[in-house]
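Using this note's numbering, you'd call the opening residue of the sequence shown number 1 and step up by one each time.
Glycine included, every Cβ here is placed at the ideal spot set by N, Cα and C.
Following: one structure in C-alpha coordinates, then a few remarks.
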Amino acid sequence: MDKQDAIVRNPGVISGISSLFKSLFGLAVSRVELAALELSEIRNHVIELLAIFAAAVLAVWFAIAFGAMTVVALAWESMGWTILLIMFAVFALITAVLVTKGLALLKQNKLAFPATMKELKNDREMLM
(Lines of atoms letter the chains of each structure in order from A and count residues from 1; the text may use other names and numbers.)
(Lines give C-alpha, C1' and ligand atoms only; values in the text may rest on other atoms or scores of the structure.)
Protein backbone atom coordinates (compact mmCIF):
# COMPACT_ATOMS: atom_id res chain seq x y z
CA MET A 1 0.00 0.00 0.00
CA ASP A 2 1.12 3.40 -0.79
CA LYS A 3 1.45 6.08 1.84
CA GLN A 4 -1.03 8.26 -0.02
CA ASP A 5 -3.61 5.49 -0.07
CA ALA A 6 -3.39 5.17 3.72
CA ILE A 7 -4.25 8.83 4.30
CA VAL A 8 -8.01 9.27 4.40
CA ARG A 9 -9.14 12.73 3.62
CA ASN A 10 -12.54 13.88 4.70
CA PRO A 11 -13.79 16.47 2.21
CA GLY A 12 -17.15 16.50 3.98
CA VAL A 13 -15.78 18.43 6.96
CA ILE A 14 -14.24 21.19 4.85
CA SER A 15 -17.27 21.46 2.59
CA GLY A 16 -19.49 21.45 5.68
CA ILE A 17 -17.54 24.30 7.26
CA SER A 18 -17.60 26.16 3.95
CA SER A 19 -21.35 25.63 3.71
CA LEU A 20 -21.79 26.82 7.30
CA PHE A 21 -19.87 30.04 6.62
CA LYS A 22 -21.83 30.63 3.42
CA SER A 23 -25.08 30.18 5.34
CA LEU A 24 -23.95 32.51 8.13
CA PHE A 25 -22.88 35.11 5.58
CA GLY A 26 -26.23 34.80 3.78
CA LEU A 27 -28.04 35.16 7.11
CA ALA A 28 -26.04 38.28 7.98
CA VAL A 29 -26.71 39.79 4.54
CA SER A 30 -30.45 39.14 4.81
CA ARG A 31 -30.57 40.74 8.28
CA VAL A 32 -28.69 43.80 7.02
CA GLU A 33 -31.10 44.09 4.08
CA LEU A 34 -34.09 43.86 6.45
CA ALA A 35 -32.60 46.52 8.72
CA ALA A 36 -31.97 48.77 5.71
CA LEU A 37 -35.58 48.35 4.56
CA GLU A 38 -36.92 49.22 8.01
CA LEU A 39 -34.50 52.13 8.27
CA SER A 40 -35.95 53.61 5.07
CA GLU A 41 -39.45 53.34 6.58
CA ILE A 42 -38.29 54.88 9.85
CA ARG A 43 -36.60 57.70 7.96
CA ASN A 44 -39.99 58.79 6.61
CA HIS A 45 -41.49 58.74 10.12
CA VAL A 46 -38.54 60.72 11.49
CA ILE A 47 -38.97 63.34 8.76
CA GLU A 48 -42.68 63.58 9.60
CA LEU A 49 -41.89 63.88 13.30
CA LEU A 50 -39.32 66.60 12.65
CA ALA A 51 -41.79 68.56 10.52
CA ILE A 52 -44.42 68.32 13.25
CA PHE A 53 -41.85 69.35 15.86
CA ALA A 54 -40.75 72.34 13.77
CA ALA A 55 -44.36 73.46 13.32
CA ALA A 56 -44.96 73.04 17.07
CA VAL A 57 -41.89 75.13 17.90
CA LEU A 58 -43.06 77.83 15.50
CA ALA A 59 -46.55 77.78 17.03
CA VAL A 60 -45.07 78.05 20.54
CA TRP A 61 -43.07 81.08 19.51
CA PHE A 62 -46.20 82.68 18.04
CA ALA A 63 -48.12 81.88 21.24
CA ILE A 64 -45.39 83.51 23.32
CA ALA A 65 -45.24 86.53 21.01
CA PHE A 66 -48.99 87.04 20.99
CA GLY A 67 -49.14 86.42 24.73
CA ALA A 68 -46.60 89.17 25.27
CA MET A 69 -48.47 91.45 22.91
CA THR A 70 -51.68 90.67 24.82
CA VAL A 71 -50.08 91.83 28.06
CA VAL A 72 -49.00 95.03 26.34
CA ALA A 73 -52.40 95.50 24.74
CA LEU A 74 -54.14 95.01 28.10
CA ALA A 75 -52.23 97.99 29.40
CA TRP A 76 -53.70 100.11 26.66
CA GLU A 77 -57.06 101.70 27.09
CA SER A 78 -58.40 100.57 23.75
CA MET A 79 -60.25 97.38 22.83
CA GLY A 80 -57.54 96.14 20.49
CA TRP A 81 -56.37 93.53 23.00
CA THR A 82 -59.20 91.08 22.29
CA ILE A 83 -57.91 90.11 18.86
CA LEU A 84 -54.46 89.53 20.29
CA LEU A 85 -55.94 87.35 23.02
CA ILE A 86 -57.83 85.35 20.41
CA MET A 87 -54.63 84.94 18.36
CA PHE A 88 -52.79 83.79 21.48
CA ALA A 89 -55.47 81.18 22.17
CA VAL A 90 -55.46 79.97 18.56
CA PHE A 91 -51.69 79.48 18.44
CA ALA A 92 -51.68 77.86 21.88
CA LEU A 93 -54.35 75.42 20.64
CA ILE A 94 -52.33 74.69 17.48
CA THR A 95 -49.29 74.00 19.64
CA ALA A 96 -51.24 71.61 21.86
CA VAL A 97 -52.62 69.73 18.85
CA LEU A 98 -49.19 69.40 17.21
CA VAL A 99 -47.51 68.25 20.41
CA THR A 100 -50.29 65.70 20.98
CA LYS A 101 -49.89 64.42 17.41
CA GLY A 102 -46.12 64.13 17.84
CA LEU A 103 -46.48 62.24 21.13
CA ALA A 104 -49.05 59.92 19.54
CA LEU A 105 -46.59 59.21 16.72
CA LEU A 106 -43.92 58.32 19.27
CA LYS A 107 -46.32 56.10 21.25
CA GLN A 108 -47.19 54.14 18.10
CA ASN A 109 -43.59 52.89 18.19
CA LYS A 110 -43.03 53.69 14.52
CA LEU A 111 -39.40 54.51 15.19
CA ALA A 112 -38.44 50.93 16.06
CA PHE A 113 -37.20 47.96 14.01
CA PRO A 114 -39.92 45.40 14.84
CA ALA A 115 -39.26 42.88 12.06
CA THR A 116 -35.48 43.04 12.44
CA MET A 117 -35.70 42.64 16.21
CA LYS A 118 -38.09 39.69 15.81
CA GLU A 119 -35.76 37.96 13.35
CA LEU A 120 -32.71 38.58 15.54
CA LYS A 121 -34.61 37.15 18.52
CA ASN A 122 -35.55 34.08 16.45
CA ASP A 123 -31.91 33.70 15.38
CA ARG A 124 -30.74 33.90 18.98
CA GLU A 125 -33.32 31.32 20.09
CA MET A 126 -32.27 28.95 17.30
CA LEU A 127 -28.62 29.25 18.30
CA MET A 128 -29.36 28.55 21.97
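Considering just the uninterrupted stretch of the alpha helix (DSSP H) at residue i, what are its terminal residues?
i: Asn122; result: Pro114 to Leu127
Going by C-alpha to C-alpha distance, which of the options sits closest to residue i?
i: Val60; options: Val32, Phe91 and Gln108; result: Phe91
i: Phe66; options: Leu50, Leu93, Glu38 and Asn109; result: Leu93
i: Leu127; options: Gly12, Leu27 and Ser40; result: Leu27
Suppose the cutoff is 8 Å on Cβ atoms and the five residues either side in sequence are ignored; what does the same chain contact list for residue i look like?
i: Pro140; result: With the chain covering 1 to 128 only, the question about residue 140 has no answer from this structure.
i: Leu129; result: Residue 129 cannot be examined here, being either before or after the span of the chain that is shown, 1 to 128.
i: Thr116; result: Arg31, Leu34, Ala35 and Glu38
Work out the CA separation of residue j and residue i for me, nearest whole Å.
i: Asn122; j: Ser15; result: 26 Å
i: Arg31; j: Leu120; result: 8 Å
i: Leu34; j: Lys118; result: 11 Å
i: Lys107; j: Ile42; result: 14 Å
i: Val29; j: Lys22; result: 10 Å
i: Ile17; j: Leu24; result: 10 Å
i: Asn109; j: Glu125; result: 24 Å
i: Ala68; j: Ser40; result: 42 Å
i: Gly12; j: Ser19; result: 10 Å
Using 8 Å as the threshold, is the C-beta distance between residue i and residue j below it?
i: Thr70; j: Phe53; result: no
i: Thr95; j: Ala63; result: yes
Report all residues from its chain with a CB closer than 6 Å to the CB of residue i; omit the five preceding and five following residues, and keep chain order.
i: Ala152; result: Residue 152 lies beyond the range of the chain shown here (1 to 128); nothing can be said about it.
Beta-carbon within less than 7 Å of residue i's beta-carbon, same chain only, minus the 5 sequence neighbours each way: which residues are those?
i: Ile86; result: none
i: Val76; result: For the sequence presented, residue 76 should be read as Trp rather than Val. So no residue of the chain qualifies.
With a threshold of 8 Å between beta carbons, is residue i in contact with chain C?
i: Glu41; result: Note that chain C does not occur in the displayed structure, where there is just one protein chain.
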